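First residue of the sequence shown? That's 250 in my numbering, and the numbers climb one at a time after it. Positions of the beta carbon are idealized from the N, C-alpha and C atoms, including for glycine. Quick caveat: nothing in here was measured; it's all calculated off a predicted structure.
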Amino acid sequence: MSDLKSGLGEAVGAAFAGLGLAPELGRVTVSDRPDLADFQCNGALAAAKALKRNPREIAQAVADSLASNPSIAEVGVAGPGFINLRVSAAALAERANTLSNDPRAGAAEVAAPRRVLVDYAGPNVAKEMHVGHLRASIIGEAIKRIYRFRGDEVLGDAHFGDWGFQMGLLLTACADTDPAIEALLSRLEVRPVGFSQSDEDAVDAELDTRIALEDLDRLYPAAAAQAKVDPDYRDRARRATAELQAGRFGHRLVWRHFARITRVALERDFHALGIDFDLWRGESDVDDLIGPMVEELQEKGLLVDDQGARIIRVAREADRREVPPLLVVSSEGSAMYGTTDLATILDRRRFFDPDLVLYVVDQRQADHFETVFRAACLAGYAREGELEHIGFGTMNGPDGKPFKTREGGVLKLRDLIDMARGKASERLLEAGLGAELEPEAFEDTALKVGVATLKFADLINFRGTSYVFDLERFSSFEGKTGPYLLYQAVRVKSLLRKAQSDGVAAGPIVVGEDAERELILLLDGFDHALAEAYDKRSPNLVADHAFRLAQGFSRFYAACPVLVADTKELRASRLSLAQLSLRQLELCLDLLGLAAPDRM
Ligand code: ARG
250 MSDLKSGLGE AVGAAFAGLG LAPELGRVTV SDRPDLADFQ CNGALAAAKA LKRNPREIAQ
310 AVADSLASNP SIAEVGVAGP GFINLRVSAA ALAERANTLS NDPRAGAAEV AAPRRVLVDY
370 AGPNVAKEMH VGHLRASIIG EAIKRIYRFR GDEVLGDAHF GDWGFQMGLL LTACADTDPA
430 IEALLSRLEV RPVGFSQSDE DAVDAELDTR IALEDLDRLY PAAAAQAKVD PDYRDRARRA
490 TAELQAGRFG HRLVWRHFAR ITRVALERDF HALGIDFDLW RGESDVDDLI GPMVEELQEK
550 GLLVDDQGAR IIRVAREADR REVPPLLVVS SEGSAMYGTT DLATILDRRR FFDPDLVLYV
610 VDQRQADHFE TVFRAACLAG YAREGELEHI GFGTMNGPDG KPFKTREGGV LKLRDLIDMA
670 RGKASERLLE AGLGAELEPE AFEDTALKVG VATLKFADLI NFRGTSYVFD LERFSSFEGK
730 TGPYLLYQAV RVKSLLRKAQ SDGVAAGPIV VGEDAERELI LLLDGFDHAL AEAYDKRSPN
790 LVADHAFRLA QGFSRFYAAC PVLVADTKEL RASRLSLAQL SLRQLELCLD LLGLAAPDRM
């Protein structure tokens with residue numbers, strides 16, 4: 250099923266071919282002057298240049314041969330030789346009816362599905378998620394959904410940060426504040442004989458009473474700060490990291506407790522945000538691959554000694570900036586951030602064999618990924634182009650720096666969600682919405698609107714751009730906002746309910762009013778927007794399509810009465826258009842990880 254744009258492109262291409270010119274010249278684009286045309290083709294300009302002929306003459310000849318095409322209502326030549334096209338009402342109606350019968354509302358699937366792994370969110374044990382993680386979660390979730398919807402086999406992995414230096418810092422900090430933990434760490438070198446699962450559970454229950462997430466939140470930043478200024482402390486933390494990684498039993502028990510309590514809280518927040526991982530693998534999950542991997546890298550001659558540490562050099566002569574080497578084993582013998590990343594590439598190869606891995610991570614880690622990817626290719630763990638870093642800019646505060654709380658701390662994700670939900674309920678009440686909802690349904694709606702506020706504000710920007718967090722603007726029911734989109738979807742839903750109770754039935758779509766034409770042209774653009782979002786790994790193109798569709802629907806609804814249209818046929822046609830618009834809008838919302846409530 251091809252969209253109007255490619256259908257017209259083919260017809261115009263055939264017209265060029267009829268003049269002995271290349272059919273590729275017939276490519277059409279959506280007109281930037283909708284008052285003059287629906288689509289335009291600039292091919293005559295390119296052809297004229299190559300042939301040294303008058304572009305208007307070529308354009309006119311193409312236009313003449315298109316004049317009798319039933320899909321085209323008007324064709325004309327404008328300016329230096331643009332071909333302007335207006336689609337016929339019959340062709341618009343036919344396209345609208347095809348879309349209306351398609352559960353995917355026009356979205357095609359890729360011809361050759363691939364296996365794609367999306368590595369996103371990347372939360373860490375005990376370290377609070379910062380806005381970088383928020384963006385990674387939101388953008389990664391959307392990319393995952395877009396890829397899956399286009400037909401790829403997709404897995405999303407949280408890549409939990411549970412194995413680095415921060416673990417040693419935390420172990421050290423906890424041991425220093427709690428003698429019982431200190432004892433556990435120093436005493437239990439190996440698993441005692443006969444130590445059963447229930448013994449382990451008992452230790453965990455005991456740890457529950459000693460260390461809660463709030464303690465980790467408090468201890469971690471203090472420990473990180475101390476390590477910066479105190480070399481002894483830093484050495485102890487490094488040793489603790491190495492001992493944990495070497496499998497010291499007490500260290501493992503305490504570490505597992507950290508990971509568990511962090512994960513419970515994280516999953517609750519992700520759930521509230523509509524973010525679901527297929528895999529929750531951690532850096533620690535590849536621990537047993539690291540030893541053999543290091544040996545293999547050694548055998549391949551890739552490891553170089555560097556002041557007691559072992560690194561892989563990845564710099565190339567042609568580099569225009571310095572690409573740092575990969576630190577594989579630290580001088581204490583610990584695996585580093587890049588080491589687990591490299592081993593994870595091997596691991597994923599084994600259990601999924603992906604054709605493409607997308608790492609949705611803060612742009613500030615671009616060098617890290619360049620290094621890891623090069624090392625992976627050198628080691629033969631990945632082919633060139635299979636690993637891709639999908640970077641993004643930061644969410645900034647009014648000062649233009651990465652967003653912080655008023656006290657200057659990292660904003661907790663939970664607090665951010667609460668803030669957005671609170672703002673949403675305020676706005677709903679202000680707008681006189683949700684008044685007839687039960688308290689529970691109101692809360693649910695406020696959460697949906699709050700989440701849409703945060704996510705849409707992020708997704709509407711091209712991911713590479715940084716943006717300033719402005720809850721006041723993002724939460725408005727007007728403008729390019731999540732609440733606006735949800736509100737429009739809810740309006741269509743209530744129209745459809747009313748149609749049902751009035752006994753109005755949907756039927757074939759016919760095209761008369763400008764607002765109907767415009768809406769159908771927008772609906773027709775869905776596949777193109779989706780394909781571009783997919784190719785460019787840019788969910789903002791879906792967000793933008795959703796916004797324009799919602800606007801187009803709103804204009805249609807204002808100009809074209811649905812339930813009280815003059816004839817039964819017209820009512821049926823407009824109802825079909827409304828149903829189709831809602832289906833496409835909800836597909837877009839779902840791809841962005843948003844959900845519209847039934848009522849507001
Ligand atoms: N945990 C990391 C961080 O907070 C992000 C992980 C990104 N994914 C990866 N494969 N390295 O910076």
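Burial state of residue 600, where buried means 16 or more other Cβ atoms lie within 10 Å: Counting from 1 along the sequence shown, the entry for residue 600 is found at position 351. Residue 600 comes out exposed.
- prompt: Would you say residue 855 and residue 416 are within 9 Å of each other, going by their C-beta atoms?
  reply: For the chain, the structure presents residues 250 to 849; residue 855 sits outside this window and is missing.
- prompt: For the candidate residues 291, 287, 280 and 281, whose alpha-carbon lies nearest to that of residue 274?
  reply: One-based indexing of the sequence shown puts residue 274 at position 25. Nearest C-alpha to residue 274: 291.
query: How is the alpha helix (DSSP H) around residue 513 delimited, first residue to last?
result: Position 264 of the sequence shown, counting from 1, holds the residue named residue 513. 498-521 is the span of the alpha helix (DSSP H), which, as asked, contains residue 513.
message: Given the structure, does residue 385 come close to the ligand ARG, in the sense that its CB is under 8 Å from one of the ligand's heavy atoms?
response: Counting from one through the sequence shown, the residue named residue 385 turns up at place 136. Yes - the ligand ARG has a heavy atom lying nearer than 8 Å to the Cβ of residue 385.
message: For residue 574 and residue 616, what's the separation of their Cα atoms in angstroms?
response: Stepping through the sequence shown from its first residue, residue 574 is reached at position 325. Stepping through the sequence shown from its first residue, residue 616 is reached at position 367. Approximately 10 Å, taken between the alpha carbons.
task: Flag this pair as yes or no: are the beta carbons of residue 491 and residue 386 separated by less than 9 Å?
output: By 1-based counting over the sequence shown, the position of residue 491 is 242. By 1-based counting over the sequence shown, the position of residue 386 is 137. No; because the gap between Cβ atoms is not below 9 Å, this pair is not in contact.
query: Exposed or buried, which one is residue 576 when buried takes at least 16 other CB atoms within 10 Å?
result: As a first step, residue 576 is located in the sequence shown; it is residue number 327 there, counting from the start. Classification for residue 576: buried.
- request: Output yes or no for whether 9 Å exceeds the beta carbon distance between residue 745 and residue 690.
  value: Residue mapping note: residue 745 aligns to position 496 of the sequence shown, counting from 1. Residue mapping note: residue 690 aligns to position 441 of the sequence shown, counting from 1. Cβ atoms of residue 745 and residue 690: not closer than 9 Å.
query: With a Cβ-Cβ cutoff of 9 Å, do residue 840 and residue 398 count as a contact?
result: Taking the first residue of the sequence shown as position 1, residue 840 is located at position 591. Taking the first residue of the sequence shown as position 1, residue 398 is located at position 149. It is a contact, given that the beta carbons lie within the stated cut-off.
- prompt: Taking C-alpha atoms, which residue in 519, 526 and 439 lies nearest to residue 496?
  reply: Taking the first residue of the sequence shown as position 1, residue 496 is located at position 247. Ranking 519, 526 and 439 by Cα distance to residue 496 puts 439 first.
message: For the stretch 349-357 against the stretch 263-274, do three or more pairs of beta-carbon atoms, one drawn from each stretch, fall closer than 8 Å, so that the two count as touching?
response: no
field: Contact set for residue 376: own chain, Cβ-Cβ below 7 Å, skip 5 residues either direction
entry: Against the sequence shown, residue 376 aligns to sequence position 127. The answer, listed in chain order, is 415 and 469.
message: Rounding to the nearest angstrom, what Cα-Cα distance links residue 711 and residue 337 in this structure?
response: Position 462 of the sequence shown holds residue 711. Position 88 of the sequence shown holds residue 337. Computed Cα separation, rounded: 34 Å.
- request: Could you check if residue 678 is buried or exposed, using at least 16 other CB atoms within 10 Å of its CB as the buried criterion?
  value: The residue given as residue 678 occupies position 429 in the sequence shown. Residue 678 is exposed by the Cβ-count criterion.
message: Taking 8 Å as the cut-off, is the beta-carbon of residue 381 closer than that to any non-hydrogen atom of the ligand ARG?
response: Position 132 of the sequence shown, counting from 1, holds the residue named residue 381. Yes, the Cβ of residue 381 comes within 8 Å of a heavy atom of the ligand ARG.
field: Reference residue 529, options 807, 541 and 515, closest by Cα
entry: Taking the sequence shown and counting its residues from 1, one reaches residue 529 at position 280. Cα-wise, what sits closest to residue 529 is 515.
query: Does the Cβ of residue 302 have 16 or more other Cβ atoms within 10 Å, making it buried, or fewer, making it exposed?
result: By one-based count along the sequence shown, residue 302 stands at place 53. Classification of residue 302: exposed, given that the 10 Å Cβ count is below 16.
query: Which residues share a DSSP beta bridge with residue 402?
result: In the sequence shown, the residue the question calls residue 402 occupies position 153. Its beta-bridge partners are 364.
message: With H, G and I counted as helix, E and B as strand and the rest as coil, what does DSSP make of residue 332?
response: Position 83 of the sequence shown, counting from 1, holds the residue named residue 332. Residue state, collapsed to three classes: strand.
message: Can you find the residues in the same chain that come closer than 7 Å, C-beta to C-beta, to residue 287, ignoring five residues on each side of it along the sequence?
response: As a working mapping, residue 287 is identified with position 38 in the sequence shown. Once the five neighbours on either side are set aside, the close Cβ partners of residue 287 are 280, 334, 335, 336 and 770.
message: Using only Cβ atoms and a threshold of 6 Å, which residues come within that distance of a heavy atom of the ligand ARG? Order them by chain position.
response: 368, 371, 373, 408, 410, 590, 608 and 610
- prompt: With distances taken from CA atoms, which of 655, 623 and 640 is nearest residue 647?
  reply: Position 398 of the sequence shown, counting from 1, holds the residue named residue 647. When each option's Cα is compared against that of residue 647, the closest is 655.
- prompt: Taking the DSSP output, what are the residues bridged to residue 576?
  reply: Counting from one through the sequence shown, the residue named residue 576 turns up at place 327. Bridge partners of residue 576: 560.
task: Give the DSSP-derived three-state secondary structure of residue 630 in the structure shown.
output: Counted from its first residue, the sequence shown places residue 630 at position 381. Coil at residue 630, not helix or strand.
message: Short of 8 Å in beta carbon distance, which residues of its chain neighbour residue 553, apart from the five on each side in sequence? Order them along the chain.
response: Position 304 of the sequence shown, counting from 1, holds the residue named residue 553. If we look at residue 553 and ignore the five residues flanking it on each side, its Cβ neighbours are 559, 560, 561, 562 and 574.
message: If contact is defined by three or more beta carbon pairs under 8 Å, each pair taking one atom from either stretch, is the stretch 624-643 in contact with the stretch 659-666?
response: no
- prompt: For residue 499, which residues from the same chain have a beta carbon less than 8 Å from its beta carbon, with the 5 sequence-adjacent residues on both sides left out?
  reply: Looking up residue 499 in the sequence shown gives position 250. 433, 434, 435, 436, 437 and 438, listed in sequence order.
query: Would residue 300 be called buried (16 or more neighbouring beta carbons within 10 Å of its own) or exposed?
result: Within the sequence shown, the letter at position 51 stands for residue 300. So residue 300 ends up on the exposed side.
field: Opening and closing residue of the alpha helix (DSSP H) in which residue 536 lies
entry: For the purposes of this step, residue 536 is identified with residue 287 of the sequence shown, where counting begins at 1. Residues 536-548.
- request: Mind reading off the beta-carbon distance from residue 668 to residue 718? Whole number of angstroms is fine, and I expect it under 8 Å.
  value: Looking up residue 668 in the sequence shown gives position 419. Looking up residue 718 in the sequence shown gives position 469. That pair is no contact at about 10 Å.
field: Proximity below 9 Å, CB of residue 421 to CB of residue 482
entry: In the sequence shown, counting from the first residue as 1, residue 421 sits at position 172. In the sequence shown, counting from the first residue as 1, residue 482 sits at position 233. Yes, they are a contact pair.
message: Our contact map puts residue 388 next to residue 521 with C-beta atoms below 8 Å; I'd like the distance itself, whole angstroms only.
response: Numbered from its first residue, the sequence shown carries residue 388 at position 139. Numbered from its first residue, the sequence shown carries residue 521 at position 272. Contact doesn't hold; Cβ gap of about 17 Å is too wide.
- prompt: Would DSSP call residue 428 helix, strand or coil?
  reply: For this step, residue 428 is matched to residue 179 along the sequence shown. Reduced to three states, the DSSP call for residue 428 is helix.
Length of the line joining the Cα atoms of residue 714 and residue 735: Position 465 of the sequence shown, counted from the start, is the residue given in the question as residue 714. Position 486 of the sequence shown, counted from the start, is the residue given in the question as residue 735. When rounded, the distance between both Cα atoms is 24 Å.
- request: Taking only the alpha-carbon atoms, compute the straight-line gap between residue 588 and residue 843 and give it to the nearest angstrom.
  value: In the sequence shown, counting from the first residue as 1, residue 588 sits at position 339. In the sequence shown, counting from the first residue as 1, residue 843 sits at position 594. Those two C-alpha atoms are separated by around 35 Å.
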